[in-house]
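For the sequence shown, position 720 (counting from the first letter as 1) is numbered 719 according to the numbering used here, and the numbering increases by one without interruption. Read the structure below first, then the notes.
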Amino acid sequence: MTIEHAFDIPFVAALALKEKQIQQNYRPIIAVHKWFARRPGTLFRALALAEFGDRPLRDVFYQANAFPGRQVADPFMGGGTPLIEANRLGCDCQGFDVNPMSAWIVREELAHLDLAAYDAAAAALTGALAVEIDGLYHTDCPTYGETDCPVKYFLWVKEIDCTACGLAFDLFPGYLLAEATRHPLNVLVCPGCGDLNEVADAKHPGACRTCDGRLQLTGPAKRSRCNCPHCGQPNTYPRPAAGPPRHRLFAMEYYNPARKSAHAGRFFKRPDARDLARVATAGARLAALTPTLIPEDAIPRGDETDRLHRWGYRYYRELFNHRQLLALELSARLIAANPEERLRQALATNLSDLLRYQNMLCRYDAMALKSLDIFSVHGFPVGLVQCESNILGIRNDKGGGVGSGGWVNIIDKYRKAKAYCDAPFEVRQVGTRKTLVPIAGEWIGEEREGEPGRSIRLRCASATDLDLPTASLDAVFTDPPYFGNVQYAELMDFCYVWLRRLVGNTPEGFARPSTRSADELTGNITEDRDLTHFAEGLAAVYGHMARALKPGAPLAFTYHHNRIEAYHAVGVAILDAGLNCSASLPCPAEMSGSIHIHGTGSSIVDTVLVCRTTGSTGRRWLFETPEGLARVVAADLALLTAAGRVPTAGDTRCIIFGHLTRMGVWLLRPDWDASRAMRDKVACFAECLAGLGGVDEALKLIEATKVAQPPRSADPEISLQFNDILSF
Ligand SMILES: C[S@@+](CC[C@H](N)C(=O)[O-])C[C@H]1O[C@@H](n2cnc3c(N)ncnc32)[C@H](O)[C@@H]1O
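Right under this line is the structure:
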């Protein structure tokens, strides 16, 4: 079969939608380490099954499948999703990424791990760390009187000194610490005395129980301005010349195991003298040791990192408080002392991932009552209130983790991820019930006793420079960078500087001081990389892939952008590579609730573009007018609706862009002259798409079509039917 014939839009869309809600439940392997914009594993499994399988997707998806000897490559492997799915299906895999962190992470995902040895090493690490620092994460319970309760989160507010009176004051944007959602009452900080008050009505909170001052929701700090509460002087922030911002500990959420079952809600307190003494102790202990594993690296300028500079951060280590630095240095030392290389690598990966929660850019989610890690958006947002998680983590009496962002959580997630490699599963949803379906016979990795081996070749290299043997690949499945959507290297450097310090320069790519590269195919204003750079790079990569593919084998990739210009580059890259585009398939690939999507009107639907040198496409997919485009897009929208996604205007636009790109390639391919200047080729492609009718016109027509035709059902038969096939 081929993807064009066997891909089942509603079936895959329903799976991908569910997966993206809680991706770790569907693909626990992603918890090995954070990577940005991971696409659904179910989608790439479906693509491989549709291409290599010989039965309908729905029949084989929940069964063990094996395609030994098939050669699959991913030139932009990132977190490894397409490769892992292909490897699980028994294929030989080659993966490339310009970012050294990617190669490290995918190796970690695929490399075998002795789980019993890992458990012992992780327990030894946390045990030894607890001996050193556990006391720094304890507090006394003012409600019931127990001492030494573990702290879940420390909450810090930024403070500045008044330019007039010189006194320090807090930069509270608001005073609501916790909403009455997961906790029975709203928790508000008193602007006058700083005590925590629990109130039923947040809009009319009344007076503070301690100082009788007026409680309020809104804080004084807004749009970089705040009046001094002591003298009324208007002050501005941030103040980069003064160095990194200062923080004051103002609240804590802790855990009282003895009282938890009879206590309604969470435990909050304002820090007492002993808590502040613990902060001071952490600082003194850090000052007393000579750190060897805390990175010294400066933060380079960049589209994302400039925000850090605006806040006065110059070095990565400044993004951490003293307690975090102490605990991270001690953790790293313990890892470095482990004599087993494989275990050192696993624990070093854990430390790198843990950093996401152990820095002073994490925020506290006042509704969910948990820490939001530094990468909950694809940038470095600096808030005014920051959240420090307990680095050890907490276990309840049943052994489960309490809170987020500690070693306990990272180890548990990593263990599940590696256990999944040995025994992968799928999740089948029937009605509201979800069942775990073990896929016995499939596994992830390179070797397994009694099984034929699979080859895995991972390289940290720019895919623009690859030279793979001609006609050697059975498929390329990939998820390229989406022009400027994510600055992978700028973000990943945050982890890389620590990991490199710990594991040294020998892993491939780690000789570089930063993961940044002039070859990275992301638009970047600081580095002067524009759409032309992106189009040229993508064209080079697709050209290498087209030569390496066997005749008629697919290059299938996901794409999504809110601007049509980003599709022009993709269309030109396909044409320059000498490929045709035989299908444009919609598939949800983001979580609608995710913070960087929510409320932005962005699309969560990717287009999967399927390209080949030779093949066939359905005549019903061809169009040359807005009416034709509207007909094709309306059919996709109906299929997505049947899968449970009511497409937004943003989704519809992305689906339109995908089909326009496919048709642009179809129309221009016969006379395409790849030797022209890139700017001319992009302009030519843009002109061709404009000739197919405006997006707005198509949107209007689609609205009309939707009214005229009720949505089609999710019946498998309707997925894709070719009444007429055109070969190319
Ligand atoms: C969208 S991500 C891939 C995400 C991945 N499929 C996943 O699910 O985790 C795109 C990747 O392309 C990589 N990249 C950018 N330019 C590259 C180049 N010239 N060569 C190889 N990889 C590159 C980035 O480092 C990034 O990891």
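The beta carbon of each residue, even a glycine, is placed where N, CA and C say it ideally should be. Note that the structure is predicted; figures quoted are calculated from it, not measured.
Output the distance between the C-alpha atoms of residue i and residue j, rounded to the nearest integer angstrom.
i	j	result
residue 474	residue 554	6 Å
residue 247	residue 156	5 Å
residue 280	residue 273	10 Å
residue 596	residue 187	Here the model assigns residue 596 a pLDDT of 45, short of 50, so the residue's position is not dependable, and the following value carries that caveat. Going by the C-alpha atoms only, they are around 29 Å apart.
residue 726	residue 615	4 Å
residue 148	residue 327	22 Å
residue 598	residue 152	Low per-residue confidence applies at residue 598: pLDDT is 49, beneath 50, and the placement is therefore not dependable enough to give any value.
residue 733	residue 629	Past the edges of the chain, shown from 0 to 727, lies residue 733, and the structure says nothing about it.
residue 83	residue 411	21 Å
residue 415	residue 213	49 Å
residue 627	residue 582	15 Å
residue 313	residue 696	49 Å
residue 10	residue 558	19 Å
residue 87	residue 126	35 Å
residue 376	residue 723	45 Å
residue 417	residue 444	10 Å
residue 59	residue 339	40 Å
Find the nearest neighbour of residue i within the set the options, judged by alpha-carbon distance.
i	options	result
residue 171	325, 224, 414, 423	224
residue 159	145, 238, 214, 666	238
residue 291	334, 8, 136, 93	334
residue 112	346, 43, 40	346
residue 122	75, 407, 658, 604	407
residue 689	625, 634, 516	625
residue 240	398, 76, 310	310
residue 8	605, 373, 110	605
Using a Cβ-Cβ cut-off of 8 Å (strictly less than) and excluding sequence neighbours within five positions of residue i, which residues of its own chain qualify?
i	result
residue 226	219, 232, 233, 234
residue 61	425, 427, 436, 438
residue 578	541, 545, 554, 610, 611, 612, 664
residue 503	509
residue 12	585, 586, 587, 638, 639, 642, 643, 644
residue 230	161, 163, 164, 166
residue 371	361, 362, 363, 364, 386, 594
So, helix, strand or coil for residue i, using DSSP?
i	result
residue 493	helix
residue 111	coil
residue 511	coil
residue 62	coil
residue 300	coil
residue 729	Past the boundaries of the shown model lies residue 729; the chain is included only from 0 to 727, so the question cannot be answered.
residue 251	strand
residue 14	helix
residue 22	helix
residue 647	coil
residue 363	strand
residue 235	strand
residue 328	helix
residue 70	strand
residue 653	helix
residue 400	strand
residue 595	Note that residue 595 scores a pLDDT of 47, beneath 50, so its modelled location is shaky; the value from the coordinates is reported in the next line. In this structure, residue 595 counts as coil in the three-state DSSP scheme.
residue 152	strand
residue 458	strand
residue 385	strand
residue 352	helix
Give every residue of the same chain whose Cβ lies closer than 6 Å to the Cβ of residue i, excluding the five residues on either side of it in the sequence, and list them in chain order.
i	result
residue 295	none
residue 720	Note that residue 720 scores 44 on pLDDT, short of 50, meaning its location in the model is unreliable and no value can be drawn from it.
residue 183	263, 264
residue 131	329
residue 26	40
Less than 7 Å between C-beta atoms, sequence neighbours within five positions excluded: which residues of the same chain meet that for residue i?
i	result
residue 671	574
residue 651	632, 636, 698, 701
residue 162	232, 234
residue 15	39, 41, 42, 586, 587, 588
residue 108	28, 31, 79, 83
Does the CB of residue i have a neighbour CB from chain D at under 7 Å?
i	result
residue 609	Considering every chain present, this structure includes no chain D. It has just one protein chain.
**Asked** Can at least three beta-carbon pairs, one atom from the segment 312-327 and one from the segment 68-78, be found at a separation below 8 Å?
**Response** Look at the beta carbons and you see the segment 312-327 not touching the segment 68-78: under three pairs across the two are nearer than 8 Å.
**Message:** Quick test of the definition: if touching needs 3 or more C-beta pairs under 8 Å, does the segment 298-307 touch the segment 369-387?
**Reply:** Yes, the segment 298-307 is in contact with the segment 369-387.
**Prompt:** Is there contact between the segment 197-204 and the segment 123-141, where contact requires at least three CB pairs shorter than 8 Å?
**Reply:** Output reads no: the segment 123-141 does not touch the segment 197-204.
**Item:** contact_flag[the segment 357-372, the segment 482-491] where n(CB pairs < 8 Å) is 3 or more
**Value:** Verdict: no, contact absent.
**Item:** contact_flag[the segment 88-98, the segment 455-473] where n(CB pairs < 8 Å) is 3 or more
**Value:** With a cut-off of 8 Å, the segment 455-473 and the segment 88-98 count as touching, because enough Cβ pairs lie within range.
**Asked** Counting pairs of Cβ atoms below 8 Å between the segment 32-43 and the segment 101-109, do you hit three or more?
**Response** Judged by Cβ distances under 8 Å, the segment 32-43 makes contact with the segment 101-109, as three or more pairs qualify.
**Message:** Is it the case that the segment 566-573 contacts the segment 532-540, given that we only count it when at least three CB pairs across the two stretches are under 8 Å?
**Reply:** Touching, yes.
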